[in-house]
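J.:
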Amino acid sequence: MNDELNDEIAALNAIYDAECLVPFSACDREEEEEAAVYTLQPPSSVVYPPLRLRISIPPDYPATKPTILDHGSTGAALAREVLDSVFRPGEVCLYDLVEGLREVLGGEPEPEPEPEPAPERAPTLPPRSPSPPAAQIEDLSLSAASTDESADPWTVAPAITEKKSVFVARAIGVSSAAEAHELIARLVSGDKKIQRATHNISAFRIVREKGVVVQDNDDDGETAAGSRLAHLLQAMDVKDACVVVSRWYGGIKLGPDRFRLINTAARAALVLGGFVKEEEKPAKGKGKKRKK
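Residue numbering for the sequence shown is 1 to 292, as defined by full-length UniProt numbering.
If you want it as structure tokens, here you go:
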């Protein structure tokens with residue numbers, strides 16, 4: 001075992017779990033002249049559903065990429081995609097592999113809080129209108145979903161409401177990082193409802209000649225949401241597009257499920273905008289892609 005691999009194993013097991021990366025079996029130790037086989041099993045708080053992978057690490061790692069030995073499972077296929085995207089010859093990559101899986105799958109959902117027992121006798125109150133926050137969120141959901149597309153260059157996906165939180169995604173074509181940043185700033189500054197959003201998560205991806213990729217993301221305070229959104233654009237092979245997902249918090253914590261909802265909303269906007277080739281339907285295209 002070389003020093004770089006030894007240090008990376010120690011770091012992984014210190015950061016995540018003592019059993020995050022361990023030798024697959026004693027016999028593998030005897031074959032280190034060729035390749036060593038390890039078991040990678042991040043804790044469920046990091047990757048969920050739980051994932052257990054066998055990884056063959058060559059003796060000249062990190063010059064050569066490790067190999068995922070498992071076949072026939074969705075988790076193994078996903079791990080290969082993440083490994084391909086994070087590996088750079090000469091740089092250790094197992095930590096990036098775990099973090100990439102965390103971005104895609106998320107951790108184990110937080111348990112729902114126990115409902116508080118109702119009082120034995122509640123006073124009878126006259127009917128009253130909903131409280132301002134609830135009314136405001138409902139208004140945001142309806143108005144955002146019915147945006148006038150003729151006056152809005154963004155493709156707006158239908159609002160998603162989950163436990164009083166509202167998610168609305170918008171997508172638009174871009175040709176440069178400067179244009180993407182300008183469009184995002186103009187979108188937020190020009191709409192009071194969007195300004196009142198708890199978070200406006202954004203990401204863009206531009207593919208230039210010779211496959212050069214220009215990309216960036218902003219989680220706007222929703223930690224890790226921006227990088228997850230950027231990973232979605234990469235996984236869907238989105239080109240020359242920017243997506244913004246606005247979330248209005250409804251007072252009930254969603255846990256890791258909020259990341260799924262953010263990506264679901266973003267995916268809908270990208271499909272409606274025609275930025276996903278495999279899902280384009282020219283005969284029934286209801287979305288519109290901004291002309292450049």
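Backbone N, C-alpha and C define an ideal beta-carbon position, used for all residues, glycine too.
Is the Cβ-Cβ distance between residue 305 and R247 less than 9 Å?
T.: Within the shown structure, residues of the chain are numbered from 1 to 292, placing residue 305 beyond reach of any answer.
J.: Just list the residues that DSSP pairs T155 with in beta bridges.
T.: On the sequence shown, residue 155 is found 155 positions in, with the first residue counted as 1. Looking at the DSSP assignment, T155 forms a beta bridge with A171.
J.: Measure the C-alpha to C-alpha separation of F204 and A225 and round it to an integer number of angstroms.
T.: In the sequence shown, the residue the question calls residue 204 occupies position 204. In the sequence shown, the residue the question calls residue 225 occupies position 225. Taking the straight line joining both Cα atoms gives about 13 Å.
J.: Can you say whether E222 is buried or exposed, counting buried as having 16 or more other CB atoms within 10 angstroms of its CB?
T.: By one-based count along the sequence shown, residue 222 stands at place 222. Under this definition E222 is a buried residue.
J.: If you follow the beta strand (DSSP E) that E91 is part of, which residue opens it and which one closes it?
T.: For the purposes of this step, residue 91 is taken as residue 91 along the sequence shown, with counting starting at 1. Element bounds for E91: n/a, residue is neither H nor E.
J.: Taking 9 Å as the cut-off, decide whether the C-beta atoms of L53 and A76 are in contact.
T.: Counting from 1 along the sequence shown, the entry for residue 53 is found at position 53. Counting from 1 along the sequence shown, the entry for residue 76 is found at position 76. Yes.
J.: Check each candidate in V168, D216 and A180 and name the one with the smallest Cα separation from K193.
T.: One-based indexing of the sequence shown puts residue 193 at position 193. Of V168, D216 and A180, the residue nearest in Cα terms is V168.
J.: What distance in whole Å lies between the Cβ atoms of H231 and E103, which are believed to be in contact at a cut-off of 8 Å?
T.: Your numbering for residue 103 matches position 103 in the sequence shown. Your numbering for residue 231 matches position 231 in the sequence shown. Indeed they touch by this definition, with Cβ atoms about 5 Å apart.
J.: Can you give me the C-alpha to C-alpha distance between A185 and V238, rounded to a whole angstrom?
T.: Counting from one through the sequence shown, the residue named residue 185 turns up at place 185. Counting from one through the sequence shown, the residue named residue 238 turns up at place 238. If you take the alpha carbons of A185 and V238, they lie about 21 Å apart.
J.: Within 10 Å of its beta-carbon, does V213 have 16 or more other beta-carbons around it, so buried, or fewer, so exposed?
T.: Sequence index remark: in the sequence shown, residue 213 carries index 213 (1-based). With fewer than 16 Cβ atoms within 10 Å of its Cβ, V213 is classed as exposed.
J.: Whole angstroms are fine: how far does the CA of L254 sit from the CA of G90?
T.: Along the sequence shown, read from residue 1 onward, the residue named residue 90 stands at position 90. Along the sequence shown, read from residue 1 onward, the residue named residue 254 stands at position 254. So the two alpha carbons sit approximately 40 Å from each other.
J.: Where does D218 sit, in a helix, a strand or coil, going by DSSP?
T.: Taking the sequence shown and counting its residues from 1, the one referred to as residue 218 is at position 218. Three-state result, D218: strand.
J.: Would you mind reading off the limits of the beta strand (DSSP E) that contains L40?
T.: Taking the sequence shown and counting its residues from 1, the one referred to as residue 40 is at position 40. Unbroken beta strand (DSSP E) run through L40: A36 to L40.
J.: Examine chain D for any beta-carbon lying closer than 9 Å to the beta-carbon of D257, and answer yes or no.
T.: Protein chain content of the structure displayed is limited to a single chain, and chain D is not contained in it.
J.: May I ask which residues mark the beginning and end of the beta strand (DSSP E) holding N200?
T.: In the sequence shown, residue 200 corresponds to position 200, counting from 1. Here the beta strand (DSSP E) through N200 covers H199 to V207.
J.: For I55, report the span of its beta strand (DSSP E) as first-last.
T.: Here residue 55 corresponds to residue number 55 of the sequence shown, with the count starting at 1. Looking at the DSSP string, the run of the beta strand (DSSP E) that includes I55 is L53 to I57.
J.: Excluding the five sequence neighbours on either side, which residues of its own chain have a C-beta within less than 7 Å of the C-beta of Y249, listed in chain order?
T.: Reading the sequence shown from its first residue, position 249 is the one you call residue 249. Contacts found: S165 and T198.
J.: Quick one: is H258 buried, meaning 16 or more other Cβ sit within 10 Å of its Cβ, or exposed?
T.: Looking up residue 258 in the sequence shown gives position 258. Position check: residue 258 holds Arg in this sequence, whereas His was assumed. With 16 or more Cβ atoms within 10 Å of its Cβ, R258 is classed as buried.
J.: Can you grab the Cα-Cα spacing for the pair E209 / S175, in whole Å?
T.: Within the sequence shown, residue 209 is the residue found at index 209, counting from 1. Within the sequence shown, residue 175 is the residue found at index 175, counting from 1. Going from the Cα of E209 to the Cα of S175 covers about 12 Å.
J.: Please state whether DSSP places T74 in a helix, a strand or coil.
T.: Working through the sequence shown from its first residue, we reach residue 74 at position 74. T74: helix per DSSP, three-state reduction.
J.: In whole angstroms, what is the alpha-carbon distance linking L21 and A178?
T.: Here residue 21 refers to the residue found at position 21 when the sequence shown is read from its first residue. Here residue 178 refers to the residue found at position 178 when the sequence shown is read from its first residue. L21 and A178: Cα-Cα distance of roughly 42 Å.
J.: Mind checking who C242 pairs with in its DSSP beta bridge?
T.: As a working note, residue 242 is residue 242 in the sequence shown. For C242, which the question treats as bridged, DSSP gives the partners I172 and F204.
J.: Take A235 and list the residues in its own chain whose beta-carbon comes closer than 8 Å to its own, dropping the five residues that flank it on each side.
T.: Here residue 235 refers to the residue found at position 235 when the sequence shown is read from its first residue. Closer than 8 Å at the Cβ level, and outside the excluded window around A235, lie E81 and V104.
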